[in-house]
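Peer 1: One line per chain: the protein sequences are P and A, in this order. According to UniProt numbering, the stretch in the first sequence is residues 1 to 223, in order. According to UniProt numbering, the stretch in the second sequence is residues 1 to 223, in order. Glycine included, C-beta positions come from ideal geometry on N, C-alpha and C.
Protein chains: 2
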Amino acid sequence: MTRPPLSPTERSTIQRGKQRAATERSDLDDVLDAGLICHLGVVVNGAPVVLPTCYGWQDNTLYVHGSTGASTLRTAIAGAEVSVAITVLDGIVYARSVFHHSANYRSAVVHGRARLVEDPDEKLCALAVITEHVAPGSWDYTRGPSRKELAATSVLALELTEAAVKIRRGPPGDDEADVTVDSCWAGVLPVRQVWGEPEPCPLLPPGVAVPSHVAARRASVRA
Amino acid sequence: MTRPPLSPTERSTIQRGKQRAATERSDLDDVLDAGLICHLGVVVNGAPVVLPTCYGWQDNTLYVHGSTGASTLRTAIAGAEVSVAITVLDGIVYARSVFHHSANYRSAVVHGRARLVEDPDEKLCALAVITEHVAPGSWDYTRGPSRKELAATSVLALELTEAAVKIRRGPPGDDEADVTVDSCWAGVLPVRQVWGEPEPCPLLPPGVAVPSHVAARRASVRA
């Protein structure tokens, strides 16, 4: 599927820290792949509400899901504008001055009107996409959704066209004066997410091995 | 300082997954201490905008800061409602059914009207609080903010009274039918943030040791 370039609307054009703006569609894809959860923002009774939730994405569409009873999701379903942020923290930047302390990160903020996914085929596909993002391999390995479970789940779709991607990498950006006169340490303390040892469900019969899709993920970035 | 209990307003009362609601003020403190970044939501031209940013907190106040030129911050400064979410992801919950897949997490969503910090003493104190949250030890170790740097920085304060804290821990919550008939693996794959090896600034003269406050943090949770 052709992926349109990132849209240069006013709100998706980075105003502050322009040198950190990433404008390639592949930059957005990288952030979406690297993130595990997103923060969904909606307006409820005139006030913003930000909630963490799971997501998945495919081609040009971001999917989030939730209970049909969730008020934030119901608001978004009504065709309202939403904002979805995905942030990957990569490190803390220790500068020579307090002012230049910063974080290394990759972030994407997607704007648009959410669309309720009503087509049964697209809904099932979207749930597969979300499941495979959160827990790769689980869609085929575990019991699929029943009709009742499908009915209890709302899925929202958001086009990935209007998005601001921001990336900060590298050492502190101290003022020259601080670099020459100051001899204090400066640098980056990297941070990353790692997987721990799988914790089997207590109700599991003895002898059920950790399946390969879980073991492989665990091995990919281990503590 | 006395900390008021969490406020039971409609929007800060958890409607979905009530069993995950945490209502002790100490639960909020724990999430605020565990998080490294927050997601700030504001309404700009009627639409929500969610942005990742750094924060700090003290007693009953959450502080975020940013450039005086940032439009989201200017909006929030105008006395508008904001929503700030802090989320710590603790694991992916692999259930026996797709439907019961979940995440273990600790989250706090704070609502309220942001207040621009104008008093110079409070502003300096707030910046110290933010700096010490992001990079403990840096406030005393590095050069403090100049008058010009202070003028270029906006600090917003948000009272920690109206907040929803949600915590999910433990194994999957599968349906009984799936537990008895299904023999597929289920459990939790823990995830956590760990610190990597400090990366010294390339402009640093040789022989500048990693200071104790950075080394101690690195050692606290290491990869």
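1. By how many angstroms is the C-alpha of P120/A removed from the C-alpha of W195/P?
2. Any idea which residues DSSP pairs C38/A with across the strands?
3. Do you know how far the Cα of A164/P is from the Cα of S26/P?
4. On the three-state DSSP scale, how would you describe E24/P?
5. Run through chain P and tell me which residues come within less than 9 angstroms of A178/A, C-beta to C-beta.
6. Determine, using beta carbons only, whether P206/P comes closer than 8 angstroms to chain A.
7. Taking only beta-carbon atoms, is H126/A less than 8 angstroms away from chain P?
8. Just checking my contact of S67/P with T142/A at CB under 8 angstroms: how many whole Å lie between their CB atoms?
9. Would you call the CB atoms of S154/A and P48/P closer than 8 angstroms?
10. Could you work out which residue in P200/A, R147/A, S102/A, H101/A is closest to P172/P when comparing CA atoms only?
11. Could you give the distance in angstroms between the alpha-carbon of G79/A and the alpha-carbon of L116/A?
12. Tell me whether A80/A sits in a helix, a strand or coil according to DSSP, three-state version.
13. Have a look at A103/A and L204/P and give me their C-alpha separation to the nearest angstrom.
14. For a test of your reading of the model: does the CB of C201/A fall under 7 angstroms from any non-hydrogen atom of the ligand PLP? Yes or no.
15. Identify the contact partners of G196/A in chain P, using a Cβ-Cβ distance below 8 angstroms as the criterion.
16. Are there three or more Cβ pairs, one per stretch, closer than 8 angstroms when the stretch 179-193 of chain A is compared with the stretch 85-96 of chain A?
17. Please report the residue range of the alpha helix (DSSP H) in which I130/A lies.
18. If you check the beta carbons only, do I92/A and G35/A fall under 8 angstroms apart?
19. Taking a contact to mean a Cβ-Cβ separation below 8 angstroms, would you say H213/P touches G144/P in this structure?
20. What are the boundary residues of the beta strand (DSSP E) that H213/P is part of?
21. For P110/P, count neighbouring Cβ atoms within 10 angstroms of its own Cβ and tell me buried if that reaches 16, exposed if not.
22. Less than 6 angstroms between C-beta atoms, sequence neighbours within five positions excluded: which residues of the same chain meet that for S107/P?
23. Keeping to the same chain, check which residues put their C-beta closer than 8 angstroms to that of V188/A; ignore five residues upstream and five downstream.
24. Shorter than 8 angstroms from the beta carbon of Y55/P to some beta carbon of chain A?
25. Pull out every residue of the stretch 30-41 of chain A whose Cβ sits closer than 8 angstroms to any Cβ of chain P, in chain order.
26. From this set, E159/P, L127/P, E149/P, which residue's C-alpha is nearest D174/A's C-alpha?
27. Would you kindly report the start and end of the unbroken beta strand (DSSP E) that includes V12/A?
28. Which residues in chain A have a C-beta closer than 7 angstroms to the C-beta of V82/P? List them in chain order.
Peer 2: Considering the structure as presented:
1. Taking the first sequence and counting its residues from 1, the one referred to as residue 195/P is at position 195. Taking the second sequence and counting its residues from 1, the one referred to as residue 120/A is at position 120. Rounded to the nearest angstrom, the two C-alpha atoms are 44 angstroms apart.
2. Reading the second sequence from its first residue, position 38 is the one you call residue 38/A. DSSP output for C38/A lists T53/A as bridge partner(s).
3. In the first sequence, counting from the first residue as 1, residue 26/P sits at position 26. In the first sequence, counting from the first residue as 1, residue 164/P sits at position 164. Roughly 12 angstroms between the two C-alpha positions.
4. Position 24 of the first sequence holds residue 24/P. Residue state for E24/P is assigned as coil, using DSSP reduced to three classes.
5. Here residue 178/A is taken as the residue at index 178 of the second sequence, counted from 1. The sequence given here has Asp at residue 178/A, not Ala. Per Cβ cutoff of 9 angstroms: T142, R143.
6. On the first sequence, position 206 is the one that residue 206/P refers to. Chain A contact via Cβ: absent.
7. As a position in the second sequence, residue 126/A is number 126, starting the count at 1. Before going on, a small fix: residue 126/A reads as Ala here, not His. Chain P, which has no Cβ nearer than 8 angstroms to the Cβ of A126/A, makes this no.
8. Residue 67/P sits at position 67 when you count from the first residue of the first sequence. Residue 142/A sits at position 142 when you count from the first residue of the second sequence. Rounded to the nearest angstrom, the Cβ distance from S67/P to T142/A is 46 angstroms, too far for a contact under 8 angstroms.
9. Numbered from 1 along the second sequence, position 154 holds the residue referred to as residue 154/A. Numbered from 1 along the first sequence, position 48 holds the residue referred to as residue 48/P. In this structure, P48/P does not lie closer than 8 angstroms to S154/A by Cβ.
10. Reading the first sequence from its first residue, position 172 is the one you call residue 172/P. Closest option to P172/P, Cα to Cα, is P200/A.
11. Taking the second sequence and counting its residues from 1, one reaches residue 79/A at position 79. Taking the second sequence and counting its residues from 1, one reaches residue 116/A at position 116. Straight-line spacing of the CA atoms in G79/A and L116/A works out to 8 angstroms.
12. Start at 1 with the first residue of the second sequence, and residue 80/A comes out as number 80. In this structure, A80/A counts as coil in the three-state DSSP scheme.
13. As a working mapping, residue 103/A is identified with position 103 in the second sequence. As a working mapping, residue 204/P is identified with position 204 in the first sequence. Linking A103/A to L204/P through their CA atoms gives a straight-line distance of about 19 angstroms.
14. The ligand PLP is not part of the structure shown, which contains no ligands of any sort.
15. Within the second sequence, numbered from 1, the residue matching residue 196/A stands at position 196. Chain P residues near G196/A: G91, L189, P190, V191, R192.
16. As far as the Cβ criterion goes, the stretch 179-193 of chain A touches the stretch 85-96 of chain A, which means the pair count is three or higher.
17. In the second sequence, the residue the question calls residue 130/A occupies position 130. Boundaries of the alpha helix (DSSP H) harbouring I130/A: 120-134, taken from the DSSP string.
18. Here residue 92/A corresponds to residue number 92 of the second sequence, with the count starting at 1. Here residue 35/A corresponds to residue number 35 of the second sequence, with the count starting at 1. Taking a C-beta distance under 8 angstroms as the contact criterion, I92/A and G35/A do not qualify as a contact pair.
19. Position 213 of the first sequence holds residue 213/P. Position 144 of the first sequence holds residue 144/P. 8 angstroms or more divides the Cβ of H213/P from the Cβ of G144/P.
20. Within the first sequence, the letter at position 213 stands for residue 213/P. Element bounds for H213/P: not the beta strand (DSSP E) but the alpha helix (DSSP H), 212-220.
21. Translated into the one-based positions of the first sequence, residue 110/P becomes position 110. First, the residue type needs correcting, since residue 110/P is Val and not Pro in the sequence shown. A buried status is given to V110/P, since no fewer than 16 other beta-carbon atoms sit within 10 Å of its beta-carbon.
22. Your numbering for residue 107/P matches position 107 in the first sequence. Same-chain partners within the cutoff: T87, K166.
23. The residue you call residue 188/A lines up with position 188 of the second sequence. Once the five neighbours on either side are set aside, the close Cβ partners of V188/A are G91, I92, V93, Y94, N104, G170, P171, P172.
24. Looking up residue 55/P in the first sequence gives position 55. At a cut-off of 8 angstroms between beta-carbon atoms, Y55/P makes no contact with chain A.
25. For the stretch 30-41 of chain A, the set of positions with a beta-carbon nearer than 8 angstroms to some beta-carbon of chain P reads L36, I37, H39, L40, G41 in chain order.
26. Here residue 174/A is taken as the residue at index 174 of the second sequence, counted from 1. Distance check between D174/A and each of E159/P, L127/P, E149/P places E149/P closest, using alpha-carbon atoms only.
27. Taking the second sequence and counting its residues from 1, the one referred to as residue 12/A is at position 12. Residue identity check: residue 12/A is Ser in the sequence provided, not Val. Bounds of any beta strand (DSSP E) do not take in S12/A, whose DSSP letter is neither H nor E.
28. Counting from one through the first sequence, the residue named residue 82/P turns up at place 82. Going along chain A in sequence order, the residues near V82/P (Cβ under 7 angstroms) are P48.
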